[in-house]
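Residue numbers (the UniProt record's numbering): 1 to 758.
Using N, Cα and C, we set each Cβ at its ideal position, and we do this for glycine too.
Keep in mind it's a predicted model, so treat the numbers as computed, not measured.
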Amino acid sequence: MSPWYNQPATPRAVPLSYAAHLPVVSAAALKRIARLWVGTAASKLGKDACIKAICKGLEQPAAVHAMVQQLSDFERAGLGLVSRYGTSAPTEALATELLMLGMPFKDHGGSVPWSMRHGTDYRALNSLLYQGIVLPQHQHQGYGYPNELHIDDYHYSPKIFAESCVLAEVQTVPPEPLPLTPVAEAEPGIARQPVEVVLRLIGLVETLRKSGPIPLTTKGRLPKPFLTKLGKLLGWETALAQEPLAPLQDATRFFFWLLSALEFYQFRTDGGMELTAAASTFFGAPYETQALRWVHAYRLLTGWEEYRTGMVWNDDSYGWYGNKTLGLRAALLLALGALPEVDAWYNVTELSGAMFDRLGEYFPLGYLPQVYPVYRTSAAQEVQRQQEWRQQLQKNWERSEQPWISSALTGPLVHLGLVELAASPSSKRPGGILFRLTALGRAVLYDTLRGHRISRETTAPGPAQADGQCWIVQPNFDVVVYLDRAAATQLAFMERIAERKPASGATALYHLTRDTVYAALESGMTIAVLQDTLGQASAYPVPANVRQMLNEWAARRERLTVYRTAAVVEYPDQASRDAALTSGTCVGQAIGERFVVLAAQPRALRAVPARSVDYLAPPVRCLQVAEDGTVQIHAGHADLLIRGEVAAWADPGADDRHWHLTRASVERAVKAGWSAEGIIDSLTQRALRPAAPALLLVAIRAWAGERTLPRHVAVAADVLLQIADTNVAQAIASSTMLRPYLRGRLGPQTFLVHREAA
């Protein structure tokens, strides 16, 4: 879902300052805040006098220091959590982080009886709000009610803020260590190196850059065809979802919205989105700086969920408002900073239990059952009822929150390089999955809570040679990149100029092609920069044939004009096209014999076209396909791309509408880089109903070299044909071309054949 869809209206926000928010606070709440600055004398002050006293105190450094010193450990730790975000923190995230601190706080109550969940997960936050140590962001809602400084389930405050002068007096305080037992033994684990994470993010950025504008539906969602196409271009959706120990479901959507949380997108005037300049400058920063931004983006990520259960409070389409997923995510990240031994292995199930001990009575993803005093019950009965209530809470947690925590640890946190996973060698421990922080995870999740400073600044990328020579360019245009030597800027450069090929281990394999080089030149890179950067980072001189071909591709590009978005009109012949241009019914640039690229102006086309084709939509179905491989293009439905597609894997026929699929044409396509599935996908997407014949699809796979035909075919004396492969048998049974040769079907894979046909 889109993180922008179905959010409540957010009217004009009041500036994040005490001076702007205090006038809408109730008189009773103002006296509590003023007590921090002027003591018991605040009880005698009116509303305006309280505001003046508070603002005056904020202007005096000595008064600010004295006020902070009188706060409790929990209150100073709460301010430290706010300071990690800047001067304001997301309400849902801060509320659960305060609970995860493990420090005692004064519960001022105030739960409203009509709230289904009674706002229990905001009780620690309300302890700070009660005294005005922090304030909720106020919206001009137009109701005129005074602010009582209390948050419940139906709040409209996306942020909690404090004055910068107050935050300057506090330090980030680590949470109390969780009571976890380290695991001494663990099998070899699974972890992602920082360069692997950067390579995946860079790959997504460059794929989006090459794809052009990002479309959005009227509801702010990503169109399904766009996501499907993006997933195919990236090529790692299925592999990540099927990893045995660390599966990441819906990986394309996850990384796409992670870039959104990193503010890599901006809205276009046409309603879509495009990449910002930050997408280029970000990867020039050190890995720790980047990871700090990944963590912050993941903490606030919307549009994707780790685990979905029927017990949730609402869905992810609500953005920040009431989104309990954001709260649990923030609590988990803080819990990883509360491990008793930073380098030890821990059980995922035990971590979930420790989080329940701090959150279970306050925070649920779904409904939180309550226990109320019963008239005329003894103290022992009340204790028993409390125990039964807590047992019910724990069962609910194990059904809802625990699977979510496990999915988060084994999914996004692994693939962001923050957590390492391993299987427990001991069968006595429940769950069987162990985890520990990686070196990068320790730096950004653990050490930052203990005074370790990481720069948040990203600088513009310089020449992509910071780490020296890290690849080898081969005469066949392959480039072998050694990941342990490559800087992020070098990986970004290679993603721009070459196509990544499947590889594993400590290297990445790229292939220079005319299309990728052309796209890099179109994005603003010059051939001189391309040649120089490629050579400077190469361990050996770039082969002469590669340099020569790069120069030839650049020269050809200078003779071409590319329109990334254009409206093209096709006429039946050149005379009709020229007449339309002369008469003014069509205004634009003549292309070829029958086409016109319309000018970017209103009413460039004054005639009504016979048919329009949207090339951002799924491909047009316009092929009539027969079992014998005959392919006919339906002229009434064809678009401008179909002939080029068919020519890639079929032989021409009598004219440009008739083609023929043969063994030779398929073998030629395979040599050019096509696969059997690629040809079948192209054919299936373009075929008119009914779909392409099953027997032809079997033949294509066989011609492409795949083992699809049966290994054993037996013809009995009474002319029986037995097929071992069920798919081939079904294709034969549904074939109209083979039907005259068959006498009957004796079973799912057995046929009776005419003797003369055998």
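Interface flag, residue i vs chain D, CB-CB below 8 Å
i, result
"M273", "The structure shown contains no chain D; it holds only a single protein chain."
Other residues of its chain near residue i: CB distance less than 7 Å, five sequence neighbours each side excluded
i, result
"T585", "R606, A607"
"A19", "C55"
"Q193", "G417"
"G203", "L234, E495, R500"
"E97", "L81, A330, A331, L334"
Between the CA atoms of residue j and residue i - distance to the nearest angstrom
i, j, result
"S735", "E237", "35 Å"
"Q242", "F493", "30 Å"
"A635", "V620", "12 Å"
"R547", "S612", "43 Å"
"N396", "E499", "48 Å"
"A638", "L351", "59 Å"
"T526", "C470", "21 Å"
"L71", "S538", "59 Å"
"R671", "T630", "Residue identity differs from the one stated: residue 671 is Lys in this sequence, not Arg. Between K671 and T630, the C-alpha separation is close to 22 Å."
"P652", "A626", "15 Å"
"H155", "L149", "11 Å"
"I642", "Q685", "11 Å"
"residue 794", "V195", "The structure shown does not extend to residue 794, since the chain is modelled only from 1 to 758, so the question has no answer here."
"S17", "V64", "15 Å"
"T438", "L101", "22 Å"
"T87", "H21", "15 Å"
"T91", "S83", "14 Å"
"residue 811", "G747", "No answer is possible for residue 811: it lies beyond the span of the chain, which begins at 1 and ends at 758."
"L598", "A566", "7 Å"
Contact check, residue i vs residue j, beta carbons under 8 Å
i, j, result
"L227", "H415", "no"
"P136", "S157", "yes"
"W389", "P369", "yes"
"M273", "F282", "no"
"P182", "E341", "yes"
"V728", "L752", "no"
"A261", "A285", "no"
"P225", "A617", "yes"
"L79", "L167", "yes"
"L332", "L180", "no"
Close Cβ partners of residue i (< 6 Å) along its chain, the five nearest in sequence each way excluded
i, result
"W304", "R253, F254, W257"
"A53", "A34, W37, V38"
"V205", "A279"
"T750", "Q722"
"R76", "V170"
"Y571", "R577, R594"
"residue 790", "An answer regarding residue 790 cannot be provided, because it is not within the stretch 1 to 758 covered by the chain."
"D121", "A95, Y362, F363"
"L230", "T252"
"L683", "A692"
"A488", "V198, F283"
"W114", "Because the pLDDT of W114 is 37, which lies under 50, any placement of that residue in the model is unreliable, and the number read from its coordinates should be weighed accordingly. Once the five neighbours on either side are set aside, W114 has no close Cβ partner at all."
Extent of the continuous alpha helix (DSSP H) run through residue i
i, result
"S83", "73–85"
"V183", "Counting along the chain, V183 falls outside any alpha helix (DSSP H), and DSSP gives it neither H nor E."
"A379", "379–399"
"E522", "514–522"
"L530", "527–536"
"F255", "251–261"
Where the beta strand (DSSP E) containing residue i begins and where it ends
i, result
"H754", "Taken as a continuous stretch (DSSP letters only), H754 belongs to no beta strand (DSSP E), as it is neither H nor E."
"M494", "Where M494 is concerned, there is no enclosing beta strand (DSSP E), although the alpha helix (DSSP H) it sits in stretches over 488–497."
"F226", "Taken as a continuous stretch (DSSP letters only), F226 belongs to no beta strand (DSSP E), being part of the alpha helix (DSSP H) at 224–234."
"residue 780", "This structure leaves residue 780 out entirely; the chain is present only between 1 and 758."
"L421", "419–423"
"P90", "88–90"
"F267", "265–267"
"G588", "588–591"
"Y482", "478–482"
Residue nearest to residue i in terms of C-alpha spacing, selected from the options
i, options, result
"F356", "V371, R577, Q548, Q392", "Q392"
"I190", "P541, T410, L683", "T410"
"P541", "Q490, T513, V479", "V479"
"T302", "T349, G220, T377, A338", "G220"
"L128", "G432, A29, A579", "A29"
"P244", "H511, S407, R376", "S407"
Contacts around residue i, its chain only, beta-carbon distance under 8 Å, and the 5 residues preceding and following it disregarded
i, result
"P475", "P543, N545, V546"
"A664", "D651"
"I679", "W649, V666, A669, I700, A704"
The ligand NAP heavy atom lying under 7 Å from the CB of residue i
i, result
"W553", "With respect to the ligand NAP, the structure offers nothing, as it holds no ligand at all."
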